């Protein structure tokens, strides 16, 4: 059975790009997307068997860090921060770790060309596999 | 994929357009209300989204423009920079430009020409830099204002402090009221309780500046024996005041309705008894086991409380308790459980939590108590990280320990250190995620962090203000360790490594950085090719085909305007040599007009390419990480030596090619064989020769000077003071002792001794182990020492001194030493013969760990330490001191020692005499020399301070075979009695006068031990590399004195 994934990002384009990347991974299925942390938190109850949440940080209404603070209490899903601001060792990254982020990955760049999409998909897939123990 | 691409581009257009709409709308709003923080936040997010989308599509130019705009807005959002008209104008202008770029990129699906927006980009950059500077100035101004007299702001006016006081007052009044309910049962006891509570509240009121509260409570406390009525009246007044000041009188009697209704605080109230039972279970059983009575039931209770609130992770953490099979596992489970509880507390309303169960407080207290244990564990874990698989195996433990330390930091209000913990967790997690080996820099930072935090917590524990400067520096270092962990070099490093021309700075996109990073790692070469692609279409086409064929990779390109022409500088990477690239370009452009190899870039390597911030960090870490790289002076000296050597070679070649004999013969022939006619020209020719020789001598002198400099630099790099080993060990031992209930004062001797860094490395582990043993095993606990009539604080001495070709490290304490009886019994069990009066058996392989308390953990395996030392040619001795205490003595040969030596010449051989062994140098004649017939005709040197035997290092070349001083009685050429040089050396009470031919000079020399057949030479501790490039024998003064 495929691992269920939720994508939380305020950019529809980004949600689509990440969804497309996840689609290239046979053992994963995107079951939900949300445009901000608040919406994602509301949706969380509907997916008790969620395996993974791919989470942006900079979002309106409720940002990724605040979502992380609340979501970590109520879901067993692994949470992977996917952000361009949480670079290694940065305050954002440290805060995300403090709040229990299971992984932090820089947002895929140039992921729309055929070969780069495959490469980025593969990289993301490796991290996702590690998180869900696949 | 094509459909997906279409969709993505379409979304890019829609999302981008919406984001820019939001940007415009918000900017217009900000024009009217420039301080609207929410609007600024929305503006930032919209620009951030636009930038992120461009980045995903690899549109570097669009991304860079949006990024710069985002940075500007970030200054307003995060750094308090004013949103002014200039910024508004710039942002509106860039929004227009971005809208045009959006249309252009959507239409072409390609990035766009940076040139049209280059000037705007520069203006934004300029504004950014000015604002950034302005922010700093503003800050300075604010700091300056602090010194101006200003009305003192009371803490009582600060909402946060008011809230704290309100909670505390509510609590204390509740406590007083509850106590009063039992007044009849024990009036004195209750009065005492109420007065104690009143004093606590009075103190808080005084600190915060709640004057009325302070006055009421002070009145009550001034009453010697207050009656029940007085107490109740004061209580009523205070409850009314609580209601008046904070509208919270109800809380004095019961939790406020708000608190009572909050499900999380209710949950904690319900959970409190469970946590008490959990604590009892932990204390009752040293090692909880599966199925332990009561634990399963307790866990089920916790889970049933957590379930209605959906706290699935807490329930999961609780279920780990029954599975814990040992103390460590139980502790780990408890830690994770409390972390979950603290995470729940973090989302609960913070107001009116006073008097309630605060898991975060419990957790932090607990971590604070265990911090030294955890730092030790952390130290051990870090030592095990060498390969990627080590990281995979130990990273979870490392993260857990770091999180323990993190909470301990918060317990001590060490926020920077807490952030650093989490940064390190992040960095190591990324190393693990990337299946990488830990980077040495990261490990270095982490080790330093552990060592620094030991001192910081130590200071905090002793009530001192910890020195946080080192932590701040490590924090900066961690922030700049990004590229190491990411695997890909950042653009700044690539710019520095390749010395990229300025035009290429800040233009490298993430993709080009990745390509360049891979090319650097593959050892490819980098070139800049200038291309005029508008001149000849065929050449342009060939040029691009060359890349497509894989001959080279384009990293980036910048536009160059030359007159009316628009040219491009391509930064390319290839495995081709410079000549091959030049040939390839000639093939592509036979006319040589459109393609030019503009520059070959040299990879300066990692050491030279550290970006400025990293360099500063590295400088800041010098004390923790002694510098071991070449200095600019050293590089300069090498350059000078190479230049000098080239000049000498050139002159030697000239001389070799010069047929002097032939030339002279020719001169003589031309003069008809008459010498007096040829004399002038021959003299001129010989004069030229002499000039060349003089010049070479001059260069040789310069070279010698440069080599001295180089040698001293090289020595300085390798040499470290022993203080670097002794001081941290002392701090470590004192801390360790404290953790084990010992008060230990450590004195170090020999801090100033200079040693080679490898020797220090070899000593570190055994010294720590032995000193740790002394502090925790040999030294008794405080009460035992007092009972034995010893001072409460034990003394421990760490001494290091250099003896000829080895060093001796002594660790002595005034404790109980090692229990000899126990050692003898154990030796007997192994069937080893007893060595009465000694504890040498502990050094025997297989004896195992030595401890004075076998029930306790710890102890040291002396046999293992000895084996490790022997691997480096060292030794270990241990003995109980007659006066009590233990002495451990390590000896270790010097792998390479730096010696301050006097270089002397005897005949053609150079010797080095250690300067610290020299008493005086004299020039003595026959009058001071006495020959002792009874001592086989031996010479003695008679000086004012005594008579010393004369020692010959070897037969001097100037002397006759039988007696080196045979000619001494004779006069020199000027008719004076002939004198000789003597170097009077000594050690302890022994002296000897060494006869030498010449004093070459004092210099620092690097001594290497004699190896191979040379190792049999007696009287020399090693050979020294002299600054002149020659080799000298270093005298073993012990041997020389023995022979005298």
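Protein chains in written order, with my numbering: chain A, 2 to 135; chain B, 2 to 1045. For each residue, glycine too, the CB sits at the ideal point set by N, CA and C. Since we're looking at a predicted model, the values are computed, not measured.
Query raised in the report: Taking the alpha-carbon positions, what's the residue 458/B to residue 375/B distance?
Result: Here residue 458/B refers to the residue found at position 457 when the second chain is read from its first residue. Here residue 375/B refers to the residue found at position 374 when the second chain is read from its first residue. Looking at the two C-alpha atoms, the distance is approximately 12 angstroms.
Report task. Using the Cα positions of residue 40/A and residue 46/A, report the straight-line distance between them to the nearest angstrom. Result -> In the first chain, counting from the first residue as 1, residue 40/A sits at position 39. In the first chain, counting from the first residue as 1, residue 46/A sits at position 45. Cα-Cα distance, rounded: 11 angstroms.
Query - Exposure of residue 676/B, with buried meaning 16 or more beta-carbon neighbours within 10 Å - result: In the second chain, counting from the first residue as 1, residue 676/B sits at position 675. Looking at its Cβ environment, which holds fewer than 16 other Cβ atoms inside 10 Å, residue 676/B is exposed.
Report task. Could you name the residues of chain A that residue 43/B contacts, counting a contact when the two beta carbons are closer than 8 angstroms? Result -> Start at 1 with the first residue of the second chain, and residue 43/B comes out as number 42. Going along chain A in sequence order, the residues near residue 43/B (Cβ under 8 angstroms) are 61.
Query raised in the report: Quick one: is residue 921/B buried, meaning 16 or more other Cβ sit within 10 Å of its Cβ, or exposed?
Result: Position 920 of the second chain, counted from the start, is the residue given in the question as residue 921/B. Within a 10 Å sphere around the beta-carbon of residue 921/B sit fewer than 16 other beta-carbons, which makes this residue exposed.
Query - Own chain partners of residue 662/B with C-beta closer than 6 angstroms, once the 5 adjacent residues on each side are dropped - result: Within the second chain, residue 662/B is the residue found at index 661, counting from 1. Sequence-distant Cβ neighbours of residue 662/B in its own chain, meaning closer than 6 angstroms and more than five residues away, do not exist here.
Query raised in the report: Can you check whether the CB of residue 89/A is closer than 8 angstroms to the CB of residue 545/B?
Result: Counting from 1 along the second chain, the entry for residue 545/B is found at position 544. Counting from 1 along the first chain, the entry for residue 89/A is found at position 88. Between residue 545/B and residue 89/A, the C-beta spacing is not below 8 angstroms.
Report task. Per DSSP, which residues does residue 924/B bridge with? Please list them. Result -> Within the second chain, residue 924/B is the residue found at index 923, counting from 1. The partner list for residue 924/B (beta bridge, DSSP) reads 982/B.
Query raised in the report: Roughly how many angstroms lie between the CA atoms of residue 467/B and residue 733/B, to the nearest whole one?
Result: Counting from 1 along the second chain, the entry for residue 467/B is found at position 466. Counting from 1 along the second chain, the entry for residue 733/B is found at position 732. Looking at the two C-alpha atoms, the distance is approximately 16 angstroms.
Query raised in the report: Would you call the region 100-109 of chain B and the region 78-90 of chain B in contact, with 3 or more CB pairs under 8 angstroms?
Result: Counting C-beta pairs with one atom in each stretch, the region 100-109 of chain B and the region 78-90 of chain B have fewer than three that are closer than 8 angstroms, which means they do not touch.
Query - Boundaries (first-last residue) of the alpha helix (DSSP H) holding residue 68/A - result: Stepping through the first chain from its first residue, residue 68/A is reached at position 67. Where residue 68/A is concerned, the enclosing alpha helix (DSSP H) stretches over 65-75.
Query raised in the report: Out of curiosity, what's the CA-to-CA distance linking residue 436/B and residue 846/B?
Result: One-based indexing of the second chain puts residue 436/B at position 435. One-based indexing of the second chain puts residue 846/B at position 845. Taking the CA atoms as reference points, residue 436/B sits about 38 angstroms from residue 846/B.
**Report entry** Residue closest to residue 752/B, alpha-carbon to alpha-carbon, out of 724/B, 347/B, 803/B, 824/B
**Finding:** Looking up residue 752/B in the second chain gives position 751. Comparing alpha-carbon positions, the option among 724/B, 347/B, 803/B, 824/B lying closest to residue 752/B turns out to be 724/B.
**Report entry** Three-state secondary structure assigned by DSSP to residue 882/B
**Finding:** One-based indexing of the second chain puts residue 882/B at position 881. If DSSP states are grouped into helix, strand and coil, residue 882/B belongs with coil.
Query - DSSP three-state assignment for residue 55/A, whether helix, strand or coil - result: For this step, residue 55/A is matched to residue 54 along the first chain. DSSP places residue 55/A within a strand segment (E or B) once states are collapsed to three.
Requested in this report: Whole angstroms is fine: what's the gap from residue 513/B's alpha carbon to residue 65/B's?
Outcome: Here residue 513/B corresponds to residue number 512 of the second chain, with the count starting at 1. Here residue 65/B corresponds to residue number 64 of the second chain, with the count starting at 1. For residue 513/B and residue 65/B, the distance between alpha carbons rounds to 14 angstroms.
**Report entry** Of the listed residues 33/B, 27/B, 668/B, nearest to residue 41/B (C-alpha basis)
**Finding:** Locating residue 41/B in the second chain gives position 40, where the first residue counts as 1. Closest in C-alpha terms to residue 41/B, from the list 33/B, 27/B, 668/B, comes 27/B.
Query raised in the report: What whole-angstrom Cβ distance do residue 914/B and residue 902/B have, given they're in contact under 8 angstroms?
Result: To locate residue 914/B, count along the second chain from 1; it is residue 913. To locate residue 902/B, count along the second chain from 1; it is residue 901. Residue 914/B to residue 902/B, Cβ: 6 angstroms. Contact.
Report task. Go through its chain and collect everything with a Cβ distance to residue 933/B's Cβ below 7 angstroms, but skip five positions before and after it. Result -> As a working mapping, residue 933/B is identified with position 932 in the second chain. The residues 939, 941, in chain order, have a CB closer than 7 angstroms to that of residue 933/B in the same chain once the five nearest residues on each side in sequence are set aside.
**Report entry** Residues within the region 66-77 of chain A neighbouring chain B, beta-carbon criterion of under 8 angstroms
**Finding:** Within the region 66-77 of chain A, the residues whose Cβ lies closer than 8 angstroms to some Cβ of chain B are 70, 71, 73, 74, 75, 76, 77, listed in chain order.
Report task. Note down, in chain order, all residues in the region 12-34 of chain A with a beta-carbon under 7 angstroms from any beta-carbon belonging to chain B. Result -> Taking 7 angstroms as the upper bound on Cβ-Cβ separation, chain B lies near residues 12, 13, 14, 15, 17, 18, 21 of the region 12-34 of chain A.
Query raised in the report: residue 776/B: which of 44/B, 814/B, 807/B, 761/B sits nearest, CA to CA?
Result: On the second chain, position 775 is the one that residue 776/B refers to. Among 44/B, 814/B, 807/B, 761/B, the Cα nearest to that of residue 776/B is on 814/B.
Requested in this report: Find out if the Cβ-Cβ distance for the pair residue 4/A, residue 83/A is shorter than 8 angstroms.
Outcome: If you number the first chain from 1, residue 4/A lands on position 3. If you number the first chain from 1, residue 83/A lands on position 82. It is not a contact, given that the beta carbons lie outside the stated cut-off.
Query raised in the report: Helix or strand or just coil, what does DSSP make of residue 84/B?
Result: Here residue 84/B refers to the residue found at position 83 when the second chain is read from its first residue. In the structure shown, the three-state DSSP call for residue 84/B is coil.
Requested in this report: Determine, using beta carbons only, whether residue 43/A comes closer than 8 angstroms to chain B.
Outcome: Working through the first chain from its first residue, we reach residue 43/A at position 42. With 8 angstroms as the cut-off, residue 43/A does not count as an interface residue toward chain B.
Query raised in the report: Secondary structure at residue 224/B, three-state DSSP: helix, strand or coil?
Result: To locate residue 224/B, count along the second chain from 1; it is residue 223. Secondary structure at residue 224/B: coil, using DSSP grouped into helix, strand and coil.
Requested in this report: With 8 angstroms as the threshold, decide whether the Cβ of residue 105/A is near any Cβ in chain B.
Outcome: In the first chain, the residue the question calls residue 105/A occupies position 104. Contacts with chain B at 8 angstroms (Cβ-Cβ) include residue 105/A.
Report task. Give me the Cα-Cα distance between residue 226/B and residue 65/A, rounded to the nearest whole angstrom. Result -> In the second chain, residue 226/B corresponds to position 225, counting from 1. In the first chain, residue 65/A corresponds to position 64, counting from 1. Going by the C-alpha atoms only, they are around 59 angstroms apart.
Query raised in the report: In angstroms, rounded to a whole number, what distance separates the CA positions of residue 607/B and residue 997/B?
Result: As a working note, residue 607/B is residue 606 in the second chain. As a working note, residue 997/B is residue 996 in the second chain. With a pLDDT of 49 at residue 607/B, under the threshold of 50, the predicted position of this residue should be treated as unreliable, and no value is reported.
Report task. Return no unless some Cβ of chain B is closer than 8 angstroms to the Cβ of residue 54/A. Result -> Taking the first chain and counting its residues from 1, one reaches residue 54/A at position 53. By this cut-off, residue 54/A is not an interface position.
Requested in this report: Output, in chain order, the set of chain A residues within a Cβ distance shorter than 7 angstroms of residue 434/B.
Outcome: Numbered from its first residue, the second chain carries residue 434/B at position 433. Contact of residue 434/B with chain A by beta-carbon distance below 7 angstroms involves 104, 128, 131.
Query raised in the report: Within 10 angstroms of its Cβ, does residue 127/B collect 16 or more other Cβ (buried), or is it exposed?
Result: In the second chain, the residue the question calls residue 127/B occupies position 126. Flag for residue 127/B reads exposed.
Query raised in the report: Residues in the region 47-66 of chain B with C-beta within 7 angstroms of chain A's C-beta atoms, listed in sequence order?
Result: Answer set for the region 47-66 of chain B: 49, 50, 53, 54, 56, 57, 58, 59.
Query raised in the report: Are residue 318/B and residue 331/B close, meaning C-beta to C-beta below 8 angstroms?
Result: The sequence position of residue 318/B within the second chain is 317, counting from 1. The sequence position of residue 331/B within the second chain is 330, counting from 1. Not a contact, by the Cβ cut-off of 8 angstroms.
Requested in this report: Measure the C-alpha to C-alpha separation of residue 396/B and residue 379/B and round it to an integer number of angstroms.
Outcome: One-based indexing of the second chain puts residue 396/B at position 395. One-based indexing of the second chain puts residue 379/B at position 378. So the two alpha carbons sit approximately 11 angstroms from each other.
Query raised in the report: In chain order, what residues of the same chain lie with their CB nearer than 7 angstroms to the CB of residue 411/B, ignoring the 5 residues before and after it?
Result: On the second chain, residue 411/B is found 410 positions in, with the first residue counted as 1. So the list reads 365, 419, once near-sequence residues are dropped.
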